[in-house]
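Take a look at the structure below.
In this note's numbering, the protein residues as written are -5 to 119.
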């Protein structure tokens, strides 16, 4: 639900009400927005706490793939890496979660090399 948004109304409202907030946002542009001085100033003034971008898809799964590749002595020794996700207790949100995952996989991946932003196709390097 975070893809392509320019502002997090839910986060901003939570901060304005002095609430604790956590999300799984994995959209880099929205993540930058909610780390801005504006959001931080609201949080400080209301004694609110926010932990953002804690996502498992693709965050944790990417780390698992990296570990698999390293344990097998590099990507030249891997034919493919296939994930099978199971979502339980989500109130029927499983299809939504898979849809969001595939939307993310269709986006370019932001990487950094020598402090320069480089966008790459997903699932390449």
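We put the beta carbon where it would ideally sit given N, CA and C, even for glycine. All values reported here derive from a predicted model rather than from experimental measurement.
| message | Can you look up residue 103 in the DSSP assignment and give me helix, strand or coil? | response | strand
| Given a threshold of 16 other Cβ atoms within 10 Å of its Cβ, counted over all protein chains shown, does residue 35 qualify as buried or as exposed? | exposed
| message | Looking at residue 25: is its Cβ nearer than 8 angstroms to the Cβ of residue 46? | response | yes
| query | Which residue from 92, 110, 106 puts its Cα closest to that of residue 100? | reply | 92
| Does DSSP classify residue 43 as helix, strand or coil? | strand
| task | Verify the contact flag: residue 58, CB atom, against every heavy atom of the ligand MN, threshold strictly below 7 angstroms. | result | In the structure on display, the ligand MN does not appear, and there are no ligands present to speak of.
| Between which two residues does the beta strand (DSSP E) carrying residue 112 extend? | 110 to 114
| field | CA-to-CA distance, residue 71 to residue 113, given in whole angstroms | value | 25 angstroms
| said: What would DSSP say about residue 72, mapped onto helix, strand or coil? | reply: coil
| query | Is the number of C-beta pairs between the region 57 to 66 and the region 36 to 43 that are closer than 8 angstroms three or more? | reply | no
| residue 14 - containing beta strand (DSSP E), residue span | 14 to 16
| field | Spatial neighbours of residue 17 in its chain, beta-carbon cut-off 6 angstroms, leaving aside the 5 residues before and after | value | 46
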